[in-house]
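**Q**
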Amino acid sequence: MNLPKIILSPMLLALSLTVVMYAAGSHAKTPETPTQLSVSGAAAANTPFTFEQISAQYMQNPKVVGEARLKIMFWKIYDAKLAAANGKWKKDTSFALSLTYLRDFDGEEIASRSVDEMRDIGYEDEVLLAKWFEQMRSVFPNVKEGENITGVMDENQHTHFYHEGRLVGSIDDKSFGQSFFDIWLNEKTSEPKMRKQLLGLQ
Numbered sequence: 000m001n002l003p004k005i006i007l008s009p010m011l012l013a014l015s016l017t018v019v020m021y022a023a024g025s026h027a028k029t030p031e032t033p034t035q036l037s038v039s040g041a042a043a044a045n046t047p048f049t050f051e052q053i054s055a056q057y058m059q060n061p062k063v064v065g066e067a068r069l070k071i072m073f074w075k076i077y078d079a080k081l082a083a084a085n086g087k088w089k090k091d092t093s094f095a096l097s098l099t100y101l102r103d104f105d106g107e108e109i110a111s112r113s114v115d116e117m118r119d120i121g122y123e124d125e126v127l128l129a130k131w132f133e134q135m136r137s138v139f140p141n142v143k144e145g146e147n148i149t150g151v152m153d154e155n156q157h158t159h160f161y162h163e164g165r166l167v168g169s170i171d172d173k174s175f176g177q178s179f180f181d182i183w184l185n186e187k188t189s190e191p192k193m194r195k196q197l198l199g200l201q
């Protein structure tokens, strides 16, 4: 079935991103290039983290800002939750977005649809979009109904992805993080009602 792009978008990340047990020093590790993909050894850890535990690794006093469910006609797509320090979201500070999928999705399709969403919002650098696609394709797994993906923007504006409570990869390009989370939080998002709910405006 053909569902709207936002359905398959990554903060779609159909994963339960949750693994921030590794030392803060590892987060500061300098990549060889601004957009180099770095996957931490913590991704192989046996203990998954909850959304709350993940958020607490990146911000002080994390609280839920808003929650929303994406439904397309009769289909439930995913439940989304946004957390930020003291429950107040700011684009240039740390925050975490959790997506719990209510249907199965292919990881590569999530990456592809994410790029489409970025393009529709106004990002036009096709070379950079192609690079981001390859990075996301390397990170996003196939997700099944009930699985979660959590995306985190840290204080350095690096993006970390968790699937089912375990870290699966990071992308250190600041412009990627801004573009990716804009899929849900930018005023030009294809789901304005969801944006308002996530930001606690509705």
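In terms of numbering that gives the first Met the number 0, the sequence shown opens at residue 0 and continues consecutively. A virtual CB, placed ideally from N, CA and C, is assigned to each residue, including glycine. The structure presented is a predicted model; accordingly, all values stated were derived computationally and were not measured.
To the nearest whole angstrom, what separates the beta carbons of I76 and L101, a pair I think is in contact under 8 angstroms?
**A** That pair is a contact at about 6 angstroms.
**Q** For A84, which option in N60, F180, L127 has the closest C-alpha, if you only look at C-alpha atoms?
**A** Selected option, being the one with the closest Cα: N60.
**Q** Between V63, S54, Y57, which lies nearest to L200 when the distance is taken from Cα to Cα?
**A** Of the listed residues, the one whose Cα sits closest to L200 is V63.
**Q** What is the residue span of the beta strand (DSSP E) that D78 lies within?
**A** Its beta strand (DSSP E) spans residues 74–84.
**Q** Grab me the residues of A27's own chain with a C-beta within less than 6 angstroms of its C-beta, minus the 5 sequence neighbours each way, in chain order.
**A** Note that A27 scores 38 on pLDDT, short of 50, meaning its location in the model is unreliable; the coordinates nonetheless yield the value given after this. Once the five neighbours on either side are set aside, A27 has no close Cβ partner at all.
**Q** Alpha carbons only, please: which of L98, R118, Q134 is nearest the one belonging to G145?
**A** Of L98, R118, Q134, the residue nearest in Cα terms is L98.
**Q** Would you kindly work out how many angstroms separate the C-alpha atoms of S111 and A55, rounded to a whole number?
**A** Answer to the nearest angstrom: the Cα atoms are 30 angstroms apart.
**Q** Excluding sequence positions up to five away, which residues of its chain have a Cβ less than 6 angstroms from the Cβ of G65?
**A** Excluding residues within five positions, the ones whose Cβ falls inside 6 angstroms are L81, Q196, L197, L198, G199.
**Q** Within a Cβ cutoff of 8 angstroms, which residues of the same chain sit near D153, ignoring the five residues on either side of it in sequence?
**A** So the list reads H26, Y57, S93, H159, once near-sequence residues are dropped.
**Q** I think R136 touches L128, with their Cβ atoms under 8 angstroms apart; what is that distance to the nearest whole Å?
**A** With 8 angstroms as the limit, R136 and L128 do not qualify as a contact, their Cβ atoms being about 12 angstroms apart.
**Q** Looking at N185: is its Cβ nearer than 7 angstroms to the Cβ of I120?
**A** Yes, the Cβ-Cβ distance between N185 and I120 is below 7 angstroms.
**Q** Do D171 and H217 come within 7 angstroms of each other at the CB atom, strictly closer than that value?
**A** Residue 217 lies beyond the stretch modelled for the chain, which goes from 0 to 201, so this question has no answer here.
**Q** Which residue wins for smallest C-alpha separation from K187, given the options P47, D124, E116?
**A** The shortest Cα separation from K187 among P47, D124, E116 belongs to E116.
**Q** If the criterion is Cβ atoms closer than 7 angstroms, does the pair D105 and N147 meet it?
**A** No; because the gap between Cβ atoms is not below 7 angstroms, this pair is not in contact.
**Q** DSSP puts Y100 in a beta bridge; with which residues?
**A** DSSP, once it has assigned bridges, lists Y77 as partnering Y100.
**Q** Looking at the strands, I want to know which residues DSSP matches up with N147.
**A** According to DSSP, which records beta bridges pairwise, N147 is partnered with T99.
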